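Chains as they are written, first to last, in our numbering: chain A, 1 to 248; chain B, 1001 to 1233.
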């Protein structure tokens, strides 16, 4: 496959940045999208040009590092896959592909396509944990009986890899799907009950401080989420928040 | 901490949008029911209109609540839209929003502003003259000819006069089409915001929302057209 790529190039956080067009040749349809970018970078290096910076790590869809807004969609046109799992067979020979970083005030661009998602880390620090004594006398997690339905729903919520596709896809740059997945995975389990009130209040508060927008229930996040995190989690977070507000 | 920040938090704001939305949807149903009477029985329409227009509970207690809900819903809607625009200072060169969202859900501010413009027209048309007659001129009788007891109530006749103008009826129809689009997203969205939507009820909620969003505005449009065509001819 031969392709034309329109890629966002930005030297650093303070650079204005612009879209730059690159031809790329000899792409196999079996390659992943990131492998295609590797080929582009090799071709750029051979020509003595600066390679394109992009985030990646595990390349098997579990680390949440890869991002990219491809042809107007987070993680590209395929569903329930991360960019590293997106295959070039989803595109046509000769196609022009636009590649941009995830855009949000709370996700500033570091360089080219790499972004700073530490706002998600700070939200996690605000309450995305349970306090457990790890002195050696830790209770076996399986000693607590948990209804199968809740265990499954908590597991579904916990599959969120924190990639930020929800924020990138949302017209309001809202982080509610991410935060609600983290709130839900604990809210559904007995271990999460002790800190439930503070957790939801503090995580939502931190989310608002980071400058994410407000949710208007468009549902773009659910469609674009590579892990299929359900909007039901946002409804659950709203319930948890109301409950916590009433409790004080 | 929690109680002071609720209405400022992103979750609190959407809950308040939803609650005022629920109230306004209930109001729409009540308004439509009374409007329907104008087609079924002019006398009954006159009686109910007079009751609504002169009953102290409706006028002094419920009317301010309605005013508050309308003003709150649109001011909060505009504030939220402005805040949300700030959350993405640099936009996308290529954004395929149609791949994951409906036009209605993305453009609540547009449909909302058209409805707001209609409400201004509606206030000038009906509410301000009504307030003038009742509270400035002091005529609470509701009679067609003040002081003439057997002249009958004025409400039905006034309604017919309003729907003579094709321009007014046209504006009315456009506003209610936009209301339908607003409700198509707003109905189920309100349930989501208060935490009442689940994977089990979401299909039923959306279906019921679609019916509500179609039937209620269609009802208002049909009544306007009915009076336009029956009175003009």
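We put the CB at the ideal spot given by N, CA and C, even for glycine.
What you are looking at is a predicted structure, and each value in this text was computed from that prediction instead of being measured.
query	result
Beta-carbon proximity check, residue 150 of chain A vs residue 188 of chain A, cutoff 8 Å	yes
Opening and closing residue of the alpha helix (DSSP H) in which residue 1129 of chain B lies	1128 to 1131
Nearest-angstrom Cβ-Cβ length linking residue 252 of chain A and residue 2 of chain A, presumed shorter than 8 Å	Limits of chain A in this structure are 1 at one end and 248 at the other, which puts residue 252 of chain A out of reach.
Three-state secondary structure assigned by DSSP to residue 19 of chain A	strand
Residue 245 of chain A (DSSP reduced to helix, strand or coil)	helix
First and last residue of the uninterrupted beta strand (DSSP E) at residue 98 of chain A	96 to 100
Near-chain A residues of the stretch 1093 to 1115 of chain B - C-beta to any C-beta below 7 Å	1093, 1094, 1095, 1096, 1097, 1099, 1100, 1101, 1105, 1106, 1108
Whether residue 1093 of chain B touches residue 1106 of chain B by CB criterion (8 Å)	no
Spatial distance of residue 1038 of chain B from residue 1077 of chain B (CA atoms)	33 Å
Span separating the alpha-carbon of residue 12 of chain A from that of residue 116 of chain A	12 Å
Cβ-based burial, residue 1035 of chain B [other Cβ within 10 Å; buried from 16]	buried
Collapsed DSSP secondary structure at residue 1019 of chain B in the structure displayed	helix
Contacting residues, own chain, Cβ-Cβ under 6 Å from residue 1145 of chain B (five flanking each side not counted)	1151
Contacting residues, own chain, Cβ-Cβ under 7 Å from residue 1018 of chain B (five flanking each side not counted)	1190, 1193, 1194
Continuous beta strand (DSSP E) stretch holding residue 109 of chain A: start and end	109 to 111
Sufficient close CB pairs (3 or more, under 8 Å) joining the stretch 70 to 82 of chain A to the stretch 133 to 150 of chain A	no
Nearest to residue 8 of chain A (by Cα), restricted to the options A:23, A:111, A:81	A:111
Interfacial residues, the stretch 57 to 82 of chain A to chain B, with Cβ spacing under 7 Å	69, 71, 72, 73
Range of the contiguous alpha helix (DSSP H) that encloses residue 1168 of chain B	1166 to 1193
Three-state class that DSSP yields for residue 1108 of chain B in the structure shown	helix
Cβ neighbour criterion (16 or more within 10 Å) applied to residue 30 of chain A	exposed
Same chain only: Cβ atoms within 8 Å of residue 231 of chain A, ignoring 5 sequence neighbours per side	177, 217, 219, 221, 222
Any chain A beta carbon closer than 8 Å to residue 1230 of chain B	no
Beta carbon of residue 72 of chain A nearer than 8 Å to that of residue 1200 of chain B	no
Collapsed DSSP secondary structure at residue 218 of chain A in the structure displayed	coil
Residue burial classification, residue 49 of chain A (beta-carbon count within 10 angstroms, cutoff 16)	exposed
Residue 1206 of chain B at chain A interface by Cβ criterion, 8 Å	no
Distance between residue 17 of chain A and residue 10 of chain A (C-alpha atoms, nearest Å)	4 Å
Spatially closest choice to residue 145 of chain A from A:92, A:68, A:191, A:134, by CA coordinates	A:191
Spatial distance of residue 1040 of chain B from residue 1108 of chain B (CA atoms)	34 Å
Cβ distance (whole Å) where residue 98 of chain A is taken to contact residue 55 of chain A below 8 Å	Not a contact, Cβ separation roughly 18 Å.
Residue 1183 of chain B beta carbon less than 8 Å from that of residue 1216 of chain B	yes
Cβ of residue 1199 of chain B within 8 Å of any chain A Cβ	yes
Chain B within 8 Å of residue 220 of chain A, Cβ atoms only	yes
Residue 1162 of chain B: first and last residue of the uninterrupted beta strand (DSSP E) it sits in	Unbroken run through residue 1162 of chain B is the alpha helix (DSSP H), 1155 to 1162; no beta strand (DSSP E).
Reference residue 226 of chain A, options A:142, A:167, A:210, A:154, closest by Cα	A:167
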